[in-house]
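Engineer: Add 24 to a position in the sequence shown, counting from 1, and you land on the number used in the numbering used here.
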Amino acid sequence: MIYDYIQVTDKKKMSDEYSDQWRIVNLTDFFDNKDVDLSKYDIAIIGVNEDRGSSQNKGTSDAPDIIRKAFYKLKSPSKNIEIIDMGNIQKGSSIKDTYFALGSILSELINEDIFTIILGGGQDLSFAQFNAYEKLNKSVNFVSIDERLDLDANMPDNQKFLMDVFTKENNHLFNFTNIGHQSYYVHDDIVASMEKMNFDCYRLGHFKNNITETEIIMRDADMISFDFNAVKCSDAPARANASPNGFYSEDICQIARYAGISDKISSFGLYEMNPSLDINGQTAQLAGQIIWYILEGYYNRHFESPKKENKEYLRFVVDLKSDEYNMVFWKSKKSGRWWMEVPFSNMKQNHERHHLVSCSYQDYQDACKGEIPNRWVNAYEKLC
């Protein structure tokens, strides 16, 4: 039984004498190792007490319950939340055992259509998060929020796990995007390699005064791997080798809300928080607020999917005279969001759900000028 890997969370340790009915702790069900009807829940939280892959940041295995305590003190963002705390996955005999446990439990939760929030642990757990989708035979749009691109074969697991993702046999990875990398941590050759694979890498500065663009990226994602090193040290000190630069805490909370709003995302991992290095619980509080914004976004989802017969969307066709295709754009009358269609070959039927690509009004304007958006090109290369 996969739940044998779990140590349940003691609700009493997550509460205090000041808990009122609207605190999230009092609106959450706690798994107790008995048979549970998962179908009633929208959201699950599961911790992973594993840091063997983070040899330069030992202590991340203690983060799950510290994050919980900060999160459960908050007021609920919605009157009708259906959330279950699944407890913590304990360290296996080997780190691969822990990966297997997380992948197995996560795949079951995703299969039940439950949005799952993972509390790490090191970011190498993202590999297990990714593998959960393989068990479901599902191609994956993987988004990482990180100051680095974790592809260094000479570093610990938490700084090279992407190599395992990219080189995995029978790979089910459709697309990878990293947002927020800092150029002095990433060699130009790595960025060039990513571009050759038609993957997207956005520098931290790309989103300066333009954090809303991350919504487009979140909208197409299936899973999010968030490394606290992506946040500037003054806002999130609880990690080794913290950088003075990074996203502001309010930016990360906005991104988390976009992740919650996304109709596609089914898992969000928070990794590399080290409680022993925190100052006055500041990073733990940020982690709790990130989860709060995920919930706030989730319970405000638009559930939009443009279709020809739906009058809730406007359809625009751009004639590219120099190309064999016309570009088709869609705009939601309700939210104002944009999408574009990308043709796919019969050989790529398993990727059909990726042929509608989220985009911006600027992408539409560029197409009208005869400029094909990079998002379209990258998707086309994978679909045809």
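No residue lacks a Cβ here, since even glycine has one placed at the ideal position from N, Cα and C.
(1) Have a look at S63 and S128 and give me their C-alpha separation to the nearest angstrom.
(2) Thinking L51 and S100 are a contact (beta carbons under 8 Å), I'd like their distance in whole angstroms, please.
(3) Pairing CB atoms from the region 283-301 with CB atoms from the region 239-253, are three or more of them under 8 Å?
(4) Mind the definition here: the region 132-148 touches the region 71-89 only if three or more C-beta pairs lie below 8 Å; say whether that holds.
(5) State the CB to CB distance for the pair Y322 and I67, rounded to an integer number of angstroms; the pair is presumed to be in contact (CB under 8 Å).
(6) Are L410 and G312 touching if we call contact CB-CB under 8 Å?
(7) Buried or exposed: where does C441 fall if 16 or more other Cβ atoms within 10 Å of its Cβ makes it buried?
(8) If we count the other Cβ atoms within 10 Å of its Cβ and call it buried at 16 or more, is V401 buried or exposed?
(9) Can you tell me whether E405 is buried or exposed, with buried defined as 16 or more other CB within 10 angstroms of its CB?
(10) Compute the beta-carbon to beta-carbon distance between H326 and K357, rounded to the nearest angstrom, for a pair I have assumed lies under 8 Å.
(11) When DSSP labels each residue in this structure, what does R227 get in the three-state scheme?
(12) What would DSSP say about T140, mapped onto helix, strand or coil?
(13) In chain order, what residues of the same chain have a beta carbon less than 7 Å from the beta carbon of V444, not counting five sequence neighbours either side?
(14) Apart from the five residues just before and just after Y388, which ones in its own chain have a Cβ nearer than 7 Å to its Cβ?
(15) Flag this pair as yes or no: are the beta carbons of L98 and I134 separated by less than 8 Å?
(16) Hey, how far is the Cα of R76 from the Cα of T122?
(17) Looking only at its chain, what residues have a beta carbon closer than 6 Å to the beta carbon of Q183, apart from the 5 residues adjacent to it on each side?
(18) Just the Cα atoms here: how many angstroms apart are L186 and F223?
(19) Contact between the region 247-255 and the region 104-111: three or more CB pairs below 8 Å?
(20) To which residues does DSSP link A68 through a beta bridge?
(21) Is the beta carbon of R281 sitting closer than 8 Å to the one on Y317?
(22) Identify every run of the alpha helix (DSSP H) within the region 188-225, keeping only runs that are complete inside it and at least 4 residues long; order them along the chain.
Structural biologist: So, from the listed chains and residues:
(1) One Cα belongs to S63, the other to S128, and the distance between them is close to 17 Å.
(2) Right, their Cβ atoms sit about 5 Å apart.
(3) Output reads yes: the region 239-253 touches the region 283-301.
(4) As far as the Cβ criterion goes, the region 132-148 touches the region 71-89, which means the pair count is three or higher.
(5) Contact holds; Cβ gap of about 7 Å.
(6) Residue 410 is absent from the structure shown; the chain starts at 25 and stops at 408.
(7) Lying outside 25 to 408, the shown extent of the chain, residue 441 is not represented and no answer is given.
(8) Taking all protein chains in view, the Cβ of V401 is surrounded by fewer than 16 other Cβ atoms within 10 Å, so the residue is classified as exposed.
(9) Of the residues assessed, E405 falls on the exposed side of the cut-off, its CB having fewer than 16 other CB atoms within 10 angstroms.
(10) In fact, because the Cβ distance is near 11 Å, the residues do not count as touching under 8 Å.
(11) The three-state reading of DSSP puts R227 in strand, counting E and B together.
(12) T140 falls in the strand class under three-state DSSP.
(13) Limits of the chain in this structure are 25 at one end and 408 at the other, which puts residue 444 out of reach.
(14) F340, F353, W362.
(15) The beta carbons of L98 and I134 sit no closer together than 8 Å.
(16) Distance between the alpha carbons of R76 and T122 is about 10 Å.
(17) In its chain, beyond the 5 residues on either side, D174, D176 have a beta carbon closer than 6 Å to the beta carbon of Q183.
(18) Taking the straight line from one Cα to the other gives about 12 Å.
(19) Counting Cβ pairs under 8 Å, fewer than three are found: no touch.
(20) Within the DSSP bridge table, the entry for A68 names I108, T140 as partners.
(21) Yes, the Cβ-Cβ distance between R281 and Y317 is below 8 Å.
(22) Entirely contained in the region 188-225, the alpha helix (DSSP H) runs reaching 4 residues are, in chain order, 212-220.
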